[in-house]
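K.L.:
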Amino acid sequence: MPPITMPEDPIFKYQPLWQFAHAVFTKINCPDEEARLAADVLLSADLRGIDSHGLARLSGYVRLWEAKRINSQPKTKIVHARASTAVLDGDGGLGLVVAPKAMEIAIEKANNVGTGWVAVKNSNHFGIAAYHAMMALPHDMIGIAMTNASPLVAPTFSVERLLGTNPICVAIPAGNQPAFVADFATTTAANGKLEILQRKNKEAPLGWIQKKDGSPSTNPNELKDGGALIPLGSDREHGSHKGFSLGAWVDIFSAVLSGANYGPWVPPFVSFLSPPADPVGEGIGHFFGAMRVDAFRPADDFKFHMDKWITRFREAKTIEGHPNMIIPGDPERESEVTRMKDGIPLNSKVVEDLQVLAKKLGVEFPD
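Converting from the sequence shown to this note's numbering requires adding 2 to each position, the first position being numbered 1.
1. Does the separation of the CB atoms of Ile109 and Ala138 fall below 7 Å?
2. What does the alpha-carbon distance come out to for the pair Ala151 and Glu284?
3. Using a 10 Å radius around the Cβ and a threshold of 16 neighbouring Cβ atoms, would you call Gln357 buried or exposed?
4. Identify, in the order they occur along the chain, each residue of the same chain with its Cβ nearer than 6 Å to the Cβ of Arg341, setting aside the five sequence neighbours on each side.
5. Would you mind reading off the limits of the beta strand (DSSP E) that contains Asn124?
6. Which same chain residues, not among the five before or five after Thr7, have their C-beta less than 6 Å away from its C-beta?
7. By Cβ distance below 6 Å, which residues in the same chain neighbour Ser61 in space, the five residues on each side in sequence not counted?
8. Pair every Cβ in the stretch 120 to 128 with every Cβ in the stretch 94 to 108, then say whether three or more of these pairs are closer than 8 Å.
9. Any idea what DSSP makes of Gln75, helix, strand or coil?
10. If I measure Cβ to Cβ from Val115 and keep anything under 7 Å in the same chain, skipping five residues before and after, which residues do I get?
11. Let me confirm a value: His127 is counted as buried when at least 16 other C-beta atoms fall within 10 Å, else exposed. Which label applies?
12. At the level of alpha carbons, what is the spacing between Ser219 and Ala192?
13. Check Ile198 in the structure and name its three-state DSSP category.
14. Is DSSP giving Arg294 helix, strand or coil here?
15. Would you say the stretch 246 to 253 touches the stretch 176 to 195, given that touching needs at least three Cβ pairs under 8 Å?
16. Alpha carbon to alpha carbon, how far is Ile286 from Arg71?
17. To the nearest angstrom, how far is it from the Cα of Pro175 to the Cα of Phe182?
18. Under 7 Å between the Cβ atoms of Leu39 and Ala23?
19. Please determine if the stretch 311 to 324 and the stretch 152 to 166 are in contact, where contact requires at least 3 C-beta pairs separated by less than 8 Å.
20. Does DSSP put Leu19 in a helix, in a strand, or in coil?
21. Between Met293 and Thr117, how many whole angstroms is the CB-CB distance? I'm expecting something under 8 Å.
22. Between which two residues does the beta strand (DSSP E) containing Ile170 stretch?
23. For Ala132, which residues of its own chain have a beta-carbon under 6 Å away from its beta-carbon, when the five flanking residues on both sides are left out?
24. Closest to Gly56 by C-alpha separation, out of Val365, Val352, Phe290, would be which residue?
25. Tell me which residues share the same chain as Pro222 and place their Cβ nearer than 6 Å to its Cβ, disregarding the 5 neighbours each side in the sequence.
26. List the DSSP bridge partners of Ser219.
27. Let me know the secondary structure DSSP gives Thr320 once reduced to three states.
28. Taking buried to mean at least 16 other C-beta atoms within 10 Å of its own C-beta, is Gly364 buried or exposed?
29. With which residues is Leu96 paired in a DSSP beta bridge?
30. Under three-state DSSP, which class holds Leu234?
31. In whole angstroms, what is the alpha-carbon distance linking Gly177 and Met308?
Written out as structure tokens, the structure is:
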């Protein structure tokens, strides 16, 4: 579910925020077309209510560029390919730009042979996975996107941070119903949600994080003291081994398959931590898939039955006192409509950070 915003959060219209993000990406020497794409991807997170992956991350990208860990003018290239597959070298570029290019290749291959699969190496943080997976929807294709990430997660029974939050998204077209879009981290909670709790001085729920000795914690700053995020499921009795397996799957598909860094060797998103001195690959890795529905059955038939599937689940009887059934993608879609109309709330600490960034780069932050 998207995070609940507090009433005191200042609200900004979409277009001025987009123009600000575009100006910042231009200031770090992104070509105009790529600055526009990066702004689109970044602001899509804020629109969809994924506040942890939108403008709150902008300063982090700039700091990585200042540390010469992001190439703002990458020359991406396919380094290996077959009819339905490819490996894309991102040349150290913004993942916000590299990932959509990789998804376009997957869609092109799917157009040609039914399915397309692209693994990416030498990239950086790519924003929300849903943006990339949803690129397949207008083509009557199923889209899949995943990425590995900074090692902040301790596998089941471990106290070592060996995996990232490693999100997965699948976007499935429907007919009259909105698309099914499941976008989730393979941890109980994404690191960005801890950052939101830190800004609001709130505790984390039990089952999100552990101390450096492996005991449970509710301190959202625990990672700074050597603690770790926990796989989806929280503990062994509640299925954390399944969350660990999902996160491992993403890591292997995104990096072992592409030639990117994996496990504890993935470069951290924060610029004040240096990448490991003994890399096993190049940059961060992603993995994308596009599947033509009509490679399996006529698209109209499929979408008719997706509508039937979604409608039946919407009609499911719910526990007393609980709202109607939520289909994956509903909260984000509703947020996108509301925020495009009424504006995007930004945490006051995020606003302060962006105002500092604006002053440093000599760009105007919206009132």
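Glycine included, each C-beta is placed from N, C-alpha and C at the ideal position.
As the structure is a prediction and not an experimental result, all values here were calculated from the model.
P.N.:
Based on what the coordinates show:
1. yes
2. 13 Å
3. Exposed is the call here.
4. The beta carbon of Arg341 lies closer than 6 Å to those of Leu49 in the same chain, with the five residues before and after it left out.
5. Secondary structure note for Asn124: its beta strand (DSSP E) is the uninterrupted segment 117 to 125.
6. Because Thr7 carries a pLDDT of 46, less than 50, the predicted location of this residue cannot be relied on, and the following value inherits that uncertainty. Answer for Thr7: Pro347, listed in chain order.
7. Asp355, Leu359
8. yes
9. Residue state, collapsed to three classes: coil.
10. Ala85, Ser86
11. buried
12. Cα-Cα distance, rounded: 15 Å.
13. helix
14. In the structure shown, Arg294 sits in a strand (DSSP, three-state: E or B).
15. yes
16. 11 Å
17. 7 Å
18. no
19. no
20. helix
21. 5 Å
22. 170 to 174
23. Cys171, Val183, Asp185
24. Val352
25. Excluding sequence neighbours, Pro222 sits near Leu196, Leu199, Gln200, Ala206.
26. Ile211
27. coil
28. Within a 10 Å sphere around the beta-carbon of Gly364 sit fewer than 16 other beta-carbons, which makes this residue exposed.
29. According to DSSP, Leu96 bridges with nothing at all.
30. coil
31. 7 Å
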